[in-house]
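A.B. asks:
2 protein chains.
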Amino acid sequence: MVNLAIVGYGNVGRGVLAAIPRHPDMRLAAIFTRRPEVVRAEASDIPVFRLDEDPPGNINIDVAILCGGSKEDVPMQGPMFARRYSTVDSFDTHARIPEYFREMDETARRHGNVAIISAGWDPGIFSLERVLGNAFLPRSAGYTFWGPGVSQGHSDAARKVPGVLDARSYTYPIDDAIKAVREGKTPSFSRRQMHRRVVYVVARDGADKEAIRKAIAEMPHYFADYDTEVIFISRREMAEKHATYPHGGFVLTSGETAKSERAILEYRCQLASNPGFTGSVLVACARAAYRLRCSGQKGAFTMLDVPPALYSPHSPETLRRDYM
Amino acid sequence: MVNLAIVGYGNVGRGVLAAIPRHPDMRLAAIFTRRPEVVRAEASDIPVFRLDEDPPGNINIDVAILCGGSKEDVPMQGPMFARRYSTVDSFDTHARIPEYFREMDETARRHGNVAIISAGWDPGIFSLERVLGNAFLPRSAGYTFWGPGVSQGHSDAARKVPGVLDARSYTYPIDDAIKAVREGKTPSFSRRQMHRRVVYVVARDGADKEAIRKAIAEMPHYFADYDTEVIFISRREMAEKHATYPHGGFVLTSGETAKSERAILEYRCQLASNPGFTGSVLVACARAAYRLRCSGQKGAFTMLDVPPALYSPHSPETLRRDYM
């Protein structure tokens with residue numbers, strides 16, 4: 017059995033908690049959180065600790081799964097936990113991955129641990145599929161489409177517009193763009209040609225809806241580059257119809273293996289629960305981190321560096337017999 | 017530069033030859049073949065050797081790519097070449113992979129080489145996707161669909177029916193079955209529910225076409241378990257419309273991350289040239305074999321055992337910056 021700790025008990029932490037019983041060789045040993053009393057009330061049969069607390073000697077932890085946010089939690093908690101345990105995280109600020117990798121590599125190496133960073137579906141599985149596509153089809157064109165699904169960052173941005181009580185932003189890939197790539201075309205798309213956005217908004221009573229619509233649709237970086245539809249709904253409709261976090265997307269690679277011999281590779285995921293699936297991937301990555309550590313490795317890894325068999329509960333012999 | 021040898025100059029060997037110039041760090045050093053004179057006439061600027069010949073000292077070979085058939089060529093040539101070089105092959109007799117792995121592992125280990133076996137798209141990439149799907153979604157249902165594409169084994173079987181001069185067998189996945197899985201259903205399909213076959217046949221003049229149709233459609237193992245359509249065409253139409261080897265397929269994994277939270281993963285490839293794409297994958301695998309060898313590893317590997325970054329021409333830093 018591999019002993020896991022959950023660090024940070026939000027949506028992804030709950031996803032990890034839900035995933036663990038489905039992985040027969042994994043058990044939860046502890047939860048670390050900023051709010052031990054709150055979490056203890058909810059998860060009464062699991063030892064709960066403050067982030068900086070050292071659990072008593074009878075609590076054995078092989079891998080700590082960092083489930084906090086990438087903006088403030090993981091950059092601080094990553095190095096903090098990589099000193100004590102092997103770690104897995106889903107750090108997803110793409111531009112800062114090289115820098116975070118270096119820091120985690122140094123810390124984990126110094127303390128003899130393994131740290132798998134930026135795991136999940138994107139970054140993570142999608143990164144893997146982008147690299148495989150480019151390696152198997154050199155000089156190809158690669159495309160990543162996201163959605164249909166809820167974008168947390170865009171929901172947060174819309175929620176900050178004056179007069180907005182609550183907001184949920186959905187990303188949709190443009191079907192015709194995917195169709196064109198699937199049919200062998202390799203266009204250079206603008207942002208608007210690949211994705212559109214729909215934002216459901218609960219407005220304050222008496223708020224200027226037209227002003228809200230304009231403020232969201234024209235917000236630079238987040239919405240201005242896309243066709244964005246703003247739909248006003250009631251608080252009740254928000255609670256009833258937009259309480260879950262579905263997501264998904266596509267990685268497409270289109271190239272030629274010889275003159276006019278096209279090859280098109282496509283990876284797609286459809287996820288009813290983004291944090292639920294991320295949690296399940298993180299648990300499989302914890303298995304890989306544990307095995308890497310047991311085989312004497314140390315330092316930081318991304319999913320690009322991990323032999324895929326290490327994610328599987330099955331033995332190499334079973335995989336060769338039943339999955340090849 | 018990594019120095020490659022092609023072993024066996026058939027369709028896959030030609031695919032490897034076409035792929036090499038697209039991989040900037042790869043060069044062809046030699047071709048090994050049973051028919052050196054024939055190959056020399058076609059590939060005049062490349063040193064050509066008999067299978068058992070030892071090239072002169074000025075010819076440096078890092079990885080030998082075995083491109084022969086899985087029935088007779090690779091089982092014999094694999095151990096023969098793994099004594100001399102690191103190797104890559106596309107051995108695809110699924111039931112015999114465990115046994116072939118053991119033999120290649122022993123030979124490669126003894127001689128300090130790396131042997132990546134059973135690479136390509138299936139076995140190979142599809143194996144990888146089956147394992148990842150099962151690891152990320154435990155207790156899920158996995159489905160592999162093949163086609164649309166030409167099945168060599170089924171074409172050969174149809175060609176042996178008396179009265180048949182030439183035959184080409186196409187496999188088609190059943191669209192409704194794929195649709196059901198994509199929509200979240202997890203049925204247990206019969207073979208007939210997953211695939212159908214269409215066989216184009218050139219019959220000898222005066223042959224009994226009804227007898228040929230019956231002999232093909234009712235052939236056990238190959239066609240009897242599927243809805244099989246037999247279409248008679250002229251020799252000329254066969255040459256004009258069925259000279260290429262397209263193929264492709266789907267790997268689908270459908271599971272739950274929590275009660276009624278479904279997650280569906282899908283990998284798909286569409287290949288205008290099956291041997292062309294296989295060749296390109298084998299070249300990327302040769303890069304991985306070379307790097308594994310350089311890092312001190314030895315023995316047999318499948319694509320399940322290879323860290324994906326090793327297939328890529330890009331450095332780990334570039335991959336973390338541009339592909340994560």
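Here the protein sequences line up with chains A and B, keeping their order.
In terms of the working numbering, the first sequence opens at residue 17 and continues consecutively.
In terms of the working numbering, the second sequence opens at residue 17 and continues consecutively.
The beta carbon of each residue, even a glycine, is placed where N, CA and C say it ideally should be.
All figures in this text were calculated on a predicted structure; none of them were measured in a lab.
1) Hey, is the segment 255-269 of chain A in contact with the segment 237-244 of chain A, meaning 3+ C-beta pairs nearer than 8 Å?
2) Taking 8 Å as the threshold (beta carbon to beta carbon), is Met210(B) in contact with chain A?
3) Can you list, in chain order, the residues of its chain whose CB lies under 8 Å from that of Pro63(B), leaving out five sequence neighbours each side?
4) At what residues does the alpha helix (DSSP H) containing Asn19(A) begin and finish?
5) For Ala35(A) and Val297(A), what's the separation of their Cα atoms in angstroms?
6) Name the one or two DSSP bridge partners that Glu277(B) has.
7) If we define contact as Cβ-Cβ less than 8 Å, is Ile113(B) a contact residue for chain A?
8) At a CB distance below 9 Å, what residues from the segment 82-94 of chain A approach chain B? Give them in sequence order.
9) Using a C-beta to C-beta distance shorter than 9 Å, which residues of chain B count as neighbours of Thr318(A)?
10) Among Gly271(B), Ser289(B), Leu281(B) and Gly265(B), which residue has its Cα nearest to the Cα of Glu272(A)?
11) Would you identify the three-state DSSP class for His263(A), choosing helix, strand or coil?
12) Under a Cβ-count criterion, where at least 16 other Cβ atoms within 10 Å of its own Cβ denotes burial, should Glu199(A) be classed as buried or exposed?
13) For Arg155(A), return the contacting residues in chain B, with the cut-off set at a CB-CB distance below 9 Å.
14) How many Å lie between Phe248(A) and Ala279(A) at the Cα?
15) Residues of chain B with CB closer than 8 Å to the CB of Thr160(A), please, in chain order.
16) Under the three-state reduction of DSSP, which class applies to Val246(B): helix, strand or coil?
17) In whole angstroms, what is the alpha-carbon distance linking His237(A) and Phe266(A)?
18) Taking beta-carbon pairs under 7 Å, can you tell me which members of the segment 267-288 of chain B lie near chain A?
19) Measure from the alpha carbon of Leu67(A) to the alpha carbon of each residue in Ile22(A), Val28(A) and Val177(A), then state which is nearest.
20) At a CB-CB cut-off below 7 Å, which residues of chain A make contact with Phe293(B)?
21) Taking Cβ-Cβ distances shorter than 9 Å, what residues in chain A pair up with Val322(B)?
22) Over the uninterrupted beta strand (DSSP E) stretch that includes Val166(A), give me the two end residues.
23) Smallest Cα separation from Cys285(B): which of Gly295(B), Pro164(B) and Thr260(B)?
24) Cα separation between Gly381(A) and Gly73(B)?
25) Looking at C-beta atoms only, is the number of pairs between the segment 330-338 of chain B and the segment 150-165 of chain B that lie closer than 8 Å three or more?
26) Starting from Ala316(B), trace the beta strand (DSSP E) in both directions and tell me its first and last residue.
27) At least one CB of chain A closer than 8 Å to the CB of Pro203(B): is that the case?
28) Once DSSP output is grouped into helix, strand and coil, what is the label at Ser296(A)?
29) Where does Ser167(A) land, buried or exposed, given buried means 16+ other C-beta within 10 angstroms?
30) Using the C-alpha atoms, what's the distance from Asp192(A) back to Thr202(A)?
31) Could you pull the start and end residues of the beta strand (DSSP E) that Asp182(B) belongs to?
32) Along the segment 38-67 of chain B, what residues have a CB closer than 7 Å to any CB found in chain C?
33) Taking just the CA atoms, how far does Ser106(B) sit from Ile133(B)?
34) Take Ile342(A) and list the residues in its own chain whose beta-carbon comes closer than 6 Å to its own, dropping the five residues that flank it on each side.
35) Would you list, in chain order, the members of the segment 216-240 of chain B that have their beta-carbon closer than 8 Å to a beta-carbon of chain A?
36) From what residue to what residue does the alpha helix (DSSP H) around Ser102(B) run?
C.D. replies: Short version:
1) no
2) In the second sequence, counting from the first residue as 1, residue 210(B) sits at position 194. Not one chain A Cβ lies under 8 Å of Met210(B).
3) Locating residue 63(B) in the second sequence gives position 47, counting from the first residue. Taken in chain order, the residues that qualify are Ala45, Ala46, Ile47, Pro71 and Ile75.
4) Taking the first sequence and counting its residues from 1, one reaches residue 19(A) at position 3. From DSSP, Asn19(A) is part of no alpha helix (DSSP H) but of the beta strand (DSSP E) over Val18 to Val23.
5) In the first sequence, residue 35(A) corresponds to position 19, counting from 1. In the first sequence, residue 297(A) corresponds to position 281, counting from 1. So the alpha carbons of these two residues sit roughly 9 Å apart.
6) The residue you call residue 277(B) lines up with position 261 of the second sequence. DSSP lists Ala274(B) as the beta-bridge partner residues of Glu277(B).
7) Numbered from 1 along the second sequence, position 97 holds the residue referred to as residue 113(B). Yes, Ile113(B) lies at the interface with chain A (some Cβ there is under 8 Å from its Cβ).
8) If you check each beta-carbon in the segment 82-94 of chain A against every beta-carbon of chain B, none falls closer than 9 Å.
9) As a working mapping, residue 318(A) is identified with position 302 in the first sequence. What Thr318(A) touches in chain B: Ala325, Pro332, Leu335, Arg336 and Met340.
10) Start at 1 with the first residue of the first sequence, and residue 272(A) comes out as number 256. The residue with the shortest Cα to Cα distance from Glu272(A) is Ser289(B).
11) Counting from one through the first sequence, the residue named residue 263(A) turns up at place 247. Strand.
12) Within the first sequence, numbered from 1, the residue matching residue 199(A) stands at position 183. Glu199(A) is exposed by the Cβ-count criterion.
13) Residue numbering aside, residue 155(A) sits at position 139 when the first sequence is read from its first letter. Near Arg155(A) (Cβ distances below 9 Å), the residues of chain B are Arg38.
14) As a working mapping, residue 248(A) is identified with position 232 in the first sequence. As a working mapping, residue 279(A) is identified with position 263 in the first sequence. For Phe248(A) and Ala279(A), the distance between alpha carbons rounds to 44 Å.
15) Reading the first sequence from its first residue, position 144 is the one you call residue 160(A). What Thr160(A) touches in chain B: nothing, since even the nearest Cβ is about 10 Å away.
16) Your numbering for residue 246(B) matches position 230 in the second sequence. Looking at Val246(B) - three-state DSSP - the assignment turns out to be strand.
17) To locate residue 237(A), count along the first sequence from 1; it is residue 221. To locate residue 266(A), count along the first sequence from 1; it is residue 250. If you draw a straight line from the Cα of His237(A) to the Cα of Phe266(A), it comes to about 22 Å.
18) Listed by position, the residues of the segment 267-288 of chain B near chain A (Cβ gap below 7 Å) are Thr273, Ala274, Glu277, Arg278, Ala279, Ile280, Leu281, Glu282, Tyr283, Arg284, Cys285, Gln286, Leu287 and Ala288.
19) As a working note, residue 67(A) is residue 51 in the first sequence. Selected option, being the one with the closest Cα: Ile22(A).
20) The sequence position of residue 293(B) within the second sequence is 277, counting from 1. Those are Thr273 and Ala279, listed as they occur along chain A.
21) Locating residue 322(B) in the second sequence gives position 306, counting from the first residue. In chain order: Pro323 and Pro324.
22) The sequence position of residue 166(A) within the first sequence is 150, counting from 1. Run containing Val166(A): Gly165 to Ser167, per the beta strand (DSSP E) assignment.
23) By 1-based counting over the second sequence, the position of residue 285(B) is 269. It is Pro164(B).
24) Because chain A is modelled from 17 through 340, residue 381(A) falls outside the range shown and cannot be assessed.
25) By the Cβ test, the segment 330-338 of chain B is not in contact with the segment 150-165 of chain B, since fewer than three Cβ pairs between them sit closer than 8 Å.
26) The residue you call residue 316(B) lines up with position 300 of the second sequence. Where Ala316(B) is concerned, the enclosing beta strand (DSSP E) stretches over Gly315 to Phe317.
27) Within the second sequence, the letter at position 187 stands for residue 203(B). No, because no Cβ of chain A sits closer than 8 Å to the Cβ of Pro203(B).
28) In the first sequence, counting from the first residue as 1, residue 296(A) sits at position 280. Helix, per DSSP.
29) On the first sequence, residue 167(A) is found 151 positions in, with the first residue counted as 1. By the 10 Å Cβ count, Ser167(A) comes out buried.
30) Counted from its first residue, the first sequence places residue 202(A) at position 186. Counted from its first residue, the first sequence places residue 192(A) at position 176. Near 13 Å, if we compare the C-alpha coordinates of Asp192(A) and Thr202(A).
31) Indexing the second sequence from 1 puts residue 182(B) at position 166. Counting along the chain, Asp182(B) sits inside the beta strand (DSSP E) bounded by residues Val180 to Pro189.
32) Looking at the structure shown, chain C is missing, and the protein chains on hand are A and B.
33) Here the question's residue 133(B) lines up with position 117 in the second sequence. Here the question's residue 106(B) lines up with position 90 in the second sequence. Cα to Cα, the separation comes out at about 6 Å.
34) Here chain A comprises residues numbered 17 to 340, so residue 342(A) is not present and cannot be evaluated.
35) none
36) If you number the second sequence from 1, residue 102(B) lands on position 86. Careful: Ser102(B) lies outside any alpha helix (DSSP H), inside the beta strand (DSSP E) at Ser102 to Asp105.
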